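Residue numbers for the sequence shown follow my numbering, beginning at 1333 and rising by one.
To start, the structure itself, in structure tokens.
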Amino acid sequence: MRCNVLILGGTTEGRRLSELLAGDDRYRVLLSYAGRTEHLQVPRVPHRVGGFGGATGLAAFLREGAFAALVDATHPFAARISANAVEAAARAQVPLLRIARPAWRERAGDRWQLVASMREAARALGSTPRRVLLTIGRLEVDAFSLAPQHDYLIRTIDPFTPALPRARVSCARGPFRLDDELALLERERIEVIVSKNAGTDATYAKIEAARALAIPVIMVERPTLPPAPETAHVDGALPWLAGIHGDVLRRRGA
Ligand code: NAP
């Protein structure tokens, strides 16, 4: 007997977990994407794209799809869907597990300034014009119109036209290599990096490169999420799911 598992994705973890489960005949997996990136890397597993219509819509989706488990494998900055997942799981009485990848920690040689929001990051750049590498995605770039005096190199997955007078967009998708990041920072004479504390290995090379070149990093801290059972790694979801599969079998008397 297979049990239905809904994975909220948009991350490497979501893709990896869904691929692991797709090869396991205890589960029928569905991977969900918000549909933010124009060029979705189509996964090799059943998937859907688009919002559910808030916590209410997600609860209905869980019920209608007879899902036995919900895994929130979204990005640590995707706070709304994570809050919706907690509420929807409670309403639909479906067990929820969050994959919460550990945050990066400041190490010797790092020159981080921690900020709580993009607006604070923009203000932290100061009044003197600087050459800034902005690696925060494209959706929150508008916050930097508070600080239009800087030269921005904005790295995003999809192209877009920023509403900033001195900005260029460079489209690239991780993982990024240390050598390439060092070369980029030197070639572009970057003086400061703005980053979210994403915690993923795929984009950590810029932090190592900044350390090596003594470049400061304005680090946007993670939003606080409502409490939920968590695991730090994809592998931690496997025993949890096996437990749920066992419960489903017991309930059905199989
Ligand atoms: P968000 O602000 O937390 O969510 C906004 C809305 O998007 C949600 O209320 C939900 O719409 C929909 N949504 C988000 N994730 C979804 C998913 N996996 N499946 C279906 N609907 C989803 O999210 P966000 O920060 O815009 O991130 C959107 C997606 O991009 C997430 O899947 C996340 O994992 C990925 N991502 C985000 C970041 C980041 O920095 N925020 C970085 C890399 C990847 P409804 O309320 O209508 O259901």
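Cβ atoms here follow ideal geometry from the backbone N, Cα and C, with glycine treated the same way.
Predicted model only: the values in this text are computed from it and were never measured.
Between residue i and residue j, what straight-line distance do the alpha-carbon atoms span, to the nearest angstrom?
{"i": "residue 1550", "j": "residue 1517", "result": "15 angstroms"}
{"i": "residue 1566", "j": "residue 1497", "result": "42 angstroms"}
{"i": "residue 1397", "j": "residue 1457", "result": "47 angstroms"}
{"i": "residue 1432", "j": "residue 1408", "result": "7 angstroms"}
{"i": "residue 1576", "j": "residue 1364", "result": "20 angstroms"}
{"i": "residue 1585", "j": "residue 1525", "result": "57 angstroms"}
{"i": "residue 1529", "j": "residue 1471", "result": "16 angstroms"}
{"i": "residue 1438", "j": "residue 1556", "result": "19 angstroms"}
{"i": "residue 1338", "j": "residue 1491", "result": "30 angstroms"}
{"i": "residue 1426", "j": "residue 1401", "result": "6 angstroms"}
{"i": "residue 1378", "j": "residue 1361", "result": "7 angstroms"}
{"i": "residue 1388", "j": "residue 1380", "result": "18 angstroms"}
{"i": "residue 1374", "j": "residue 1351", "result": "12 angstroms"}
Output needed for residue i: all residues of its chain with C-beta closer than 8 angstroms, excluding positions within five of it in sequence on either side, in chain order.
{"i": "residue 1480", "result": "1496, 1497 and 1498"}
{"i": "residue 1581", "result": "1333"}
{"i": "residue 1545", "result": "1514, 1517 and 1518"}
{"i": "residue 1434", "result": "1531 and 1564"}
{"i": "residue 1442", "result": "1539, 1542, 1543 and 1549"}
Note down, in chain order, each residue of its chain lying with its Cβ closer than 7 angstroms to the Cβ of residue i, except the 5 sequence neighbours on either side.
{"i": "residue 1393", "result": "1384"}
{"i": "residue 1541", "result": "1510, 1513, 1514 and 1517"}
{"i": "residue 1391", "result": "1420, 1423 and 1424"}
{"i": "residue 1478", "result": "1451, 1454 and 1455"}
{"i": "residue 1411", "result": "1555 and 1557"}
{"i": "residue 1482", "result": "1457, 1461, 1462, 1464 and 1498"}
Can you tell me whether residue i is helix, strand or coil according to DSSP?
{"i": "residue 1333", "result": "coil"}
{"i": "residue 1562", "result": "strand"}
{"i": "residue 1516", "result": "helix"}
{"i": "residue 1511", "result": "helix"}
{"i": "residue 1363", "result": "strand"}
{"i": "residue 1588", "result": "With the chain covering 1333 to 1586 only, the question about residue 1588 has no answer from this structure."}
{"i": "residue 1384", "result": "coil"}
{"i": "residue 1357", "result": "coil"}
Would you mind reading off the limits of the alpha helix (DSSP H) that contains residue i?
{"i": "residue 1572", "result": "1569–1583"}
{"i": "residue 1412", "result": "1411–1424"}
{"i": "residue 1488", "result": "Unbroken run through residue 1488 is the beta strand (DSSP E), 1483–1488; no alpha helix (DSSP H)."}
With residue i as the anchor, note down where its beta strand (DSSP E) starts and where it stops.
{"i": "residue 1446", "result": "1444–1447"}
{"i": "residue 1463", "result": "1463–1467"}
{"i": "residue 1430", "result": "1428–1431"}
Between which residues of its own chain and residue i is the CB-CB distance below 6 angstroms, once the five residues before and five after are set aside?
{"i": "residue 1404", "result": "1340, 1414, 1417 and 1430"}
Quick one: residues with CB closer than 6 angstroms to any heavy atom of the ligand NAP, in chain order, please.
-> Listed along the chain, these residues meet the criterion: 1340, 1341, 1342, 1343, 1364, 1365, 1366, 1368, 1383, 1384, 1385, 1386, 1389, 1390, 1406, 1407, 1409, 1410, 1411, 1412, 1413, 1416, 1469 and 1528.
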